[in-house]
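Protein chains in written order, with the working numbering: chain A, 2 to 95; chain B, 2 to 397.
First up is the structure itself, then whatever we jot down about it.
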Amino acid sequence: MWDNGENVIIAWLYESDSHKKFLREFVGKNPRQFNNYWKNRLFIGKAHMVPKPFKNEVSLIRYVSETKGAIGYVSSFKSPKNVKTISIKLGVIQ
Amino acid sequence: MKKYLIFFIICLVVMSCGIIPGYAMDTAINGFISQGYLKTDKNNWLAETEEGSFEINDMALRFSSRLTSRLFLGIQFYARDLGDLGNDEITLDWFAADYYYNSMLGIKVGKLKIPHGFYNESRDADFLRTSIFLPFSVYAEQWRDSFIANKGLGFYGDLFRNLSYYLQIGVLNATPDGGMAKSFNGLMGATITAIRPKTCYIANIQYRLIEGLRVGVSTLNSAYEFDMTMTAQPYDVSIITDVISSIWVYSAEYVYNNLTISGEYERSLREFDFEFMGGSNRHRKFSMEGYYGNMEYRFNDWFSLGVYYSVLYQDKDDKNGDYLSSTYGLPHFQAFSKETCISTRFDINHYWMVKLGIHYNNGTFNTYILDNKESDGTVDLEKYWTAFAAKVTYSF
């Protein structure tokens with residue numbers, strides 16, 4: 002939950018290289034472990050929503066811009082508008 | 002049953018046709034469907050398995066909605082077939098209203114999954130582990146219907162950074178046609194005609210020592226009143242039985258990259274007060290003892306291998322089964338179950354999974370006596386036996 006009381010809603014790209022790199026670098030899991038972690042929490046009732054998957058970066062960015070509390074990650078080649086961005090290089094947060 | 006199976010198959014086809022599963026506005030829909038096969042070389046285990054059986058399947062459909070940023074509603078429908086248990090009857094597996102006050106306190110009301118040991122809450126989601134079945138010593142599949150959920154109230158949260166708790170009070174589910182009753186019926190030559198569960202108290206505390214390593218302790222304290230008719234000699238009477246049960250489980254799990262090592266120890270105190278109609282009373286008190294060690298390794302995205310060794314004694318003071326044999330006329334090896342299980346898991350993709358398992362058994366406590374009785378009433382069980390299990394699961 003964010004400090005303002007809104008739920009954190011995670012958005013991710015379905016089977017993308019940026020998803021795999023992000024998980025490996027910052028979460029320490031591969032996509033299957035990430036998936037199973039959320040499925041586990043879902044089926045034991047410790048999570049009520051799993052991270053939202055999207056097929057492409059355009060729909061992900063649109064969703065994050067329209068949804069309170071949402072956060073996601075895309076490749077640096079995109080320049081998303083109407084959302085706050087944090088640029089991340091492998092091992093470095095800017 | 003057929004109409005529900007068709008419904009589930011339609012859901013499965015729709016979900017596979019390019020629609021990303023589990024996403025629908027503020028309502029999440031998830032589930033799984035699985036079909037298994039079980040074959041034993043001796044003894045019937047969970048179903049009529051000496052001839053091979055496909056009566057091993059289950060399915061679940063789960064809905065979860067966010068009403069406000071702190072209030073959630075969830076419900077899960079479940080159906081299973083395990084021999085003559087379940088028979089694909091759709092049940093309301095659990096439902097809960099969940100209010101998240103802060104990280105230290107959340108409140109749940111409804112029919113809540115029981116936090117028994119580390120894995121009871123997720124026992125049906127076998128796509129979360131390598132083996133098809135959890136170790137019998139702590140998670141007896143036959144008794145799932147009595148230990149899966151509790152109607153009542155729960156409190157949960159994180160007290161400190163690495164310490165979490167979950168407390169529940171409520172009533173367990175136990176019916177005369179359930180797995181627990183079937184176990185008692187077979188052991189005592191009785192027929193349970195009614196079960197009246199009383200208030201139960203459950204607590205689960207877990208602590209994360211370091212990244213990947215957690216330990217925990219849980220306890221489940223319950224009581225029941227059984228009405229039963231006993232036909233095994235020298236009895237032929239109706240009985241009311243008070244049963245008190247106090248179960249403690251000590252758990253540890255270590256996850257390092259693709260390796261998972263876990264182990265649990267359970268001690269379960271049972272007290273029976275038999276009140277024979279118009280006759281004498283009898284009191285029996287004993288402790289079940291069980292433990293297992295499990296190791297799983299994921300070699301790559303599609304293949305995992307697991308092995309566990311599980312031991313369960315019906316009475317820790319009668320490990321050889323001498324009292325059981327002399328009192329109930331059963332084989333002495335009915336007093337224990339020692340099981341080695343080797344499992345493989347093949348992940349076809351994010352949704353489909355195939356599992357194979359082989360179970361080497363010494364002892365028959367993990368079988369139903371009623372499934373292994375000849376027409377003349379004699380028990381036909383062998384001490385050493387092997388089971389082969391296979392299962393296909395689709396989850397979304």
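Glycine residues also receive a C-beta, built at the ideal position from the N, C-alpha and C atoms.
Beta-bridge partners of residue i, as assigned by DSSP
i: threonine 28 of chain B; result: B:Ser66
i: lysine 112 of chain B; result: B:Phe96 and B:Lys152
i: serine 338 of chain B; result: B:Leu313 and B:Gly364
i: serine 396 of chain B; result: B:Phe33
i: isoleucine 211 of chain B; result: B:Leu214
i: glutamate 16 of chain A; result: BP columns for glutamate 16 of chain A are empty, so no partner.
i: asparagine 88 of chain B; result: Paired residues: none, contrary to the question.
i: asparagine 205 of chain B; result: B:Tyr167 and B:Ser219
i: isoleucine 343 of chain B; result: B:Val308 and B:Ile359
i: glycine 75 of chain B; result: B:Ser65 and B:Ala97
i: valine 9 of chain A; result: According to DSSP, valine 9 of chain A bridges with nothing at all.
i: asparagine 121 of chain B; result: According to DSSP, asparagine 121 of chain B bridges with nothing at all.
i: phenylalanine 389 of chain B; result: B:Lys40 and B:Ile359
i: glycine 158 of chain B; result: B:Tyr166
i: asparagine 58 of chain B; result: B:Gln36 and B:Asp82
i: lysine 374 of chain B; result: B:Val380
Burial state of residue i, where buried means 16 or more other Cβ atoms lie within 10 Å
i: lysine 183 of chain B; result: buried
i: lysine 53 of chain A; result: buried
i: phenylalanine 8 of chain B; result: Note that phenylalanine 8 of chain B has pLDDT 49, beneath the 50 cutoff, so the model's placement of it is unreliable and no number is given.
i: alanine 25 of chain B; result: Because the pLDDT of alanine 25 of chain B is 38, which lies under 50, any placement of that residue in the model is unreliable, and the number read from its coordinates should be weighed accordingly. The residue in question, alanine 25 of chain B, is exposed, as its Cβ has fewer than 16 Cβ neighbours within 10 Å.
i: tryptophan 46 of chain B; result: buried
i: cysteine 18 of chain B; result: At cysteine 18 of chain B the pLDDT is 43, less than 50, meaning the model places this residue with poor confidence and gives no usable figure here.
i: tryptophan 3 of chain A; result: exposed
i: isoleucine 359 of chain B; result: exposed
i: valine 65 of chain A; result: buried
i: methionine 105 of chain B; result: exposed
i: leucine 93 of chain B; result: exposed
i: serine 223 of chain B; result: buried
i: leucine 61 of chain A; result: buried
i: glycine 23 of chain B; result: Here the model assigns glycine 23 of chain B a pLDDT of 44, short of 50, so the residue's position is not dependable, and the following value carries that caveat. Result: buried.
i: valine 9 of chain A; result: exposed
i: phenylalanine 300 of chain B; result: exposed
i: threonine 50 of chain B; result: buried
i: aspartate 127 of chain B; result: buried
i: phenylalanine 27 of chain A; result: exposed
i: glutamate 16 of chain A; result: exposed
i: valine 75 of chain A; result: buried
i: valine 51 of chain A; result: buried
i: threonine 131 of chain B; result: buried
i: leucine 86 of chain B; result: buried
i: aspartate 18 of chain A; result: exposed
i: arginine 81 of chain B; result: buried
i: isoleucine 133 of chain B; result: buried
i: serine 376 of chain B; result: exposed
i: leucine 210 of chain B; result: exposed
i: glycine 32 of chain B; result: buried
i: valine 250 of chain B; result: buried
Inter-residue CB distance, residue i and residue j (contact presumed, cutoff 8 Å)
i: tyrosine 38 of chain B; j: phenylalanine 55 of chain B; result: 6 Å
i: asparagine 186 of chain B; j: valine 172 of chain B; result: Asparagine 186 of chain B to valine 172 of chain B, Cβ: 22 Å. No contact.
i: isoleucine 91 of chain B; j: phenylalanine 78 of chain B; result: 6 Å
i: threonine 328 of chain B; j: phenylalanine 275 of chain B; result: Rounded, the Cβ-Cβ distance is 13 Å, inconsistent with contact.
i: serine 288 of chain B; j: aspartate 316 of chain B; result: 7 Å
i: glycine 179 of chain B; j: serine 147 of chain B; result: 6 Å
i: glutamine 143 of chain B; j: tyrosine 395 of chain B; result: No, glutamine 143 of chain B and tyrosine 395 of chain B are not in contact; Cβ-Cβ is about 25 Å, not under 8 Å.
i: leucine 68 of chain B; j: tryptophan 95 of chain B; result: With a Cβ gap of about 18 Å, leucine 68 of chain B and tryptophan 95 of chain B do not count as contacting.
i: serine 263 of chain B; j: isoleucine 248 of chain B; result: About 18 Å; that fails the 8 Å criterion.
i: valine 393 of chain B; j: serine 35 of chain B; result: 6 Å
i: arginine 285 of chain B; j: valine 244 of chain B; result: Rounded, the Cβ-Cβ distance is 10 Å, inconsistent with contact.
i: serine 70 of chain B; j: glutamate 7 of chain A; result: 6 Å
i: proline 116 of chain B; j: serine 219 of chain B; result: 6 Å
i: glutamate 267 of chain B; j: threonine 261 of chain B; result: With a Cβ gap of about 19 Å, glutamate 267 of chain B and threonine 261 of chain B do not count as contacting.
i: methionine 129 of chain B; j: serine 123 of chain B; result: The sequence given here places leucine at residue 129 of chain B; methionine does not occur at that position. Yes, leucine 129 of chain B and serine 123 of chain B are in contact; Cβ-Cβ is about 5 Å, under 8 Å.
i: leucine 313 of chain B; j: phenylalanine 397 of chain B; result: That pair is no contact at about 34 Å.
i: glutamate 340 of chain B; j: serine 311 of chain B; result: 5 Å
i: proline 398 of chain B; j: tyrosine 257 of chain B; result: Nothing in the structure corresponds to residue 398 of chain B, since chain B is present only between 2 and 397.
i: alanine 391 of chain B; j: leucine 357 of chain B; result: 5 Å
i: isoleucine 206 of chain B; j: glycine 217 of chain B; result: 6 Å
Cβ-heavy atom distance, residue i to the ligand MN, below 8 Å
i: phenylalanine 44 of chain A; result: Ligands displayed in this structure: none; no statement on the ligand MN is therefore possible.
| Can you find at least 3 beta carbon pairs, one from the stretch 29-43 of chain B and one from the stretch 383-396 of chain B, that sit closer than 8 Å? | yes
| message | When you compare the stretch 158-167 of chain B with the stretch 347-363 of chain B, are there three or more beta-carbon pairs, one atom per stretch, that lie closer than 8 Å? | response | no
| message | Is it the case that the stretch 99-111 of chain B contacts the stretch 145-155 of chain B, given that we only count it when at least three CB pairs across the two stretches are under 8 Å? | response | yes
| query | Which parts of the stretch 239-327 of chain B are runs of the beta strand (DSSP E), unbroken and 3 residues or longer, counting only runs that do not cross its ends? | reply | 260-277, 282-299 and 304-314
| Where are the alpha helix (DSSP H) runs, 4 residues long or more, that stay fully inside the stretch 30-92 of chain A, in chain order? | 32-44 and 58-67
| request: Tell me, please, whether the stretch 292-308 of chain B touches the stretch 316-327 of chain B by the rule of three or more beta-carbon pairs shorter than 8 Å. | output: no
| query | Does the pairing of the stretch 368-380 of chain B with the stretch 191-205 of chain B give three or more beta-carbon distances under 8 Å? | reply | no
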